[in-house]
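Order-wise, the sequence lines are chains A and B.
Just so it is clear: in the first sequence, position 102 is 102 by our numbering, and no numbers are missing.
Numbers given in our numbering equal positions in the second sequence, counted from 1, plus 144.
C-beta: ideal position from N, C-alpha, C; glycine also.
Structure first, commentary second.
2 protein chains.
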Amino acid sequence: MRQSKQQFREYLVRKGLKTTKQREIILDAFLRASTHPSTEELFLKIRRKHPTVGYATVYRTLKLFADCGIAEERNFGDGQTRYEWTGDERHHDHLICTRCGAILEFEDADIEKLQQQVAFRHGFTIASHRLELYGTCRRCTGKS
Amino acid sequence: MRQSKQQFREYLVRKGLKTTKQREIILDAFLRASTHPSTEELFLKIRRKHPTVGYATVYRTLKLFADCGIAEERNFGDGQTRYEWTGDERHHDHLICTRCGAILEFEDADIEKLQQQVAFRHGFTIASHRLELYGTCRRCTGKS
DNA sequence: TTTTAAATTGAAATTCGTTTTCACTCAAAC
DNA sequence: GTTTGAGTGAAAACGAATTTCAATTTAAAA
């Protein structure tokens with residue numbers, strides 16, 4: 001987290017951009033968010049404490065986070081772009097509940113091993129991958 | 145292809161829906177498309193021969209294709225929903241070469257099994273998944 | 001510290017793909 | 001043929017993403 005803040009600061013300097021109160025507020029809120037917030041979710045969360053920060057600023061700042069590498073844009077098919085903090089360097093995949101929108105992270109070494117094998121069989125060298133499992137979570141499965 | 149047409153016909157009957165000229169035109173065009181067309185692309189393509197078919201009808205009909213299982217909605221991050229013919233084959237995943245753009249399809253039962261196990265451990269019921277491996281293909285790995 | 005140029009901001013407007021509405025048409029069951 | 005309800009196209013509505021613009025703020029220069 002401290003690392004990400006530093007990285008963002010350096011990016012701003014490198015690009016000749018400015019440090020502003022809003023950017024600090026948004027960065028703090030983003031790093032504090034445990035989930036994968038969409039622009040709107042983060043905006044609403046921030047608004048509680050800082051009612052003057054506008055949606056457009058949150059939107060633009062999240063783009064900056066993605067540009068400088070401390071966040072990644074993700075699209076889980078609910079029609080909203082979500083931002084995931086990359087600082088936590090360990091790769092993980094996602095379980096997404098299509099009923100309630102819950103997102104769980106997981107990692108599975110065996111699956112990764114099999115992916116390597118598949119790639120090897122096809123002569124590929126894997127640089128990265130994306131695995132998303134869509135379905136219903138425990139709570140939603142119970143309901144009709 | 146003949147299979148898909150049959151499948152769509154049966155779906156219409158089962159749901160009490162009707163066979164119309166437009167639906168036949170759109171299905172033909174979709175099956176003839178080699179790419180993964182977006183609604184708009186398919187609409188434009190169809191319009192050349194059949195200027196009276198409306199965008200909304202193409203849109204609705206593609207949804208029907210997805211519902212009945214002969215197509216799948218896909219989102220490759222270009223802001224447009226694309227429809228992929230599922231053919232008569234089973235689900236497959238993708239190996240994508242980030243150097244030359246080549247796309248290989250593969251399926252791996254073991255990986256799918258492990259996915260089920262992961263989901264089970266988290267109380268999830270999987271409806272679908274998406275797995276994409278990004279890297280360099282055999283040919284590109286050789287080059288500098 | 002004051003000045004100044006350029007970046008930043010919030011609110012509103014705009015864009016763009018998706019989805020729905022509605023009056024009219026058509027398929028197919030009778 | 002008549003009837004009934006699904007289907008259609010055009011246009012409107014929708015929602016998230018993006019841009020515009022006048023006013024504000026930053027930070028470097030004076």
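- A distance below 8 Å between beta-carbons, with the five flanking residues on each side excluded, links T164(B) to no residue of its chain.
- Residue-level contact by beta carbon holds for D110(A) and chain B, with a gap shorter than 8 Å.
- Pairing E132(A) with H94(A) gives a Cβ-Cβ distance under 8 Å.
- The Cβ-Cβ distance between I247(B) and S148(B) does not fall below 8 Å.
- In this structure H129(A) touches Y278(B) by the C-beta definition: roughly 6 Å separates them, less than 8 Å.
- The beta carbon of L248(B) falls within 8 Å of a beta carbon belonging to chain A, placing the residue at that interface.
- Flagged as an interface residue toward chain A: F268(B), by a C-beta distance shorter than 8 Å.
- From the listed residues F76(A), E10(A), N75(A), Y83(A), the smallest Cα separation to I26(A) is found for Y83(A).
- Looking at the backbone, the Cα of F174(B) and that of L12(A) are separated by about 47 Å.
- If you ignore the 5 residues before and after C68(A), its C-beta comes within less than 7 Å of the C-beta of Q7, F8, Y11, all in its own chain and listed in chain order.
- Here the alpha carbons of E73(A) and A66(A) stand approximately 7 Å from one another.
- Counting C-beta atoms within 10 angstroms of its own C-beta, T280(B) has 16 or more neighbours from the protein chains shown and is therefore classed as buried.
- DSSP places G142(A) in the helix class (H, G or I) of the three-state scheme.
- In this structure I270(B) touches Q259(B) by the C-beta definition: roughly 7 Å separates them, less than 8 Å.
- When C-alpha distances from T81(A) are compared across I96(A), R23(A), H36(A), H122(A), the shortest belongs to H36(A).
- For R130(A), the residues of chain B that pass the 9 Å Cβ criterion are R274, L275, E276, L277, Y278, in the order they occur in the chain.
- H266(B) sits away from E249(B), with the two beta carbons spaced by 8 Å or more.
- Residue-level contact by beta carbon holds for V262(B) and chain A, with a gap shorter than 8 Å.
- Spatial neighbours of I190(B) in its own chain (CB-CB distance under 7 Å, excluding positions within 5 residues in sequence) are listed in chain order as I169, I170, A173, V197, V202.
- The Cβ atoms of I96(A) and F120(A) lie no closer than 8 Å to each other.
- DSSP, reduced to helix, strand and coil, places L161(B) outside both helices and strands of the structure shown, so it counts as coil.
- Bounds of any beta strand (DSSP E) do not take in E107(A), whose DSSP letter is neither H nor E.
- Interface annotation, Q259(B): in contact with chain A, CB-CB separation under 8 Å.
- If you draw a 10 Å sphere on the C-beta of L17(A), you find fewer than 16 other C-beta atoms in it, and that means exposed.
- With respect to the C-alpha of R282(B), the residue from L44(A), G87(A), A109(A), F124(A) having the closest C-alpha is F124(A).
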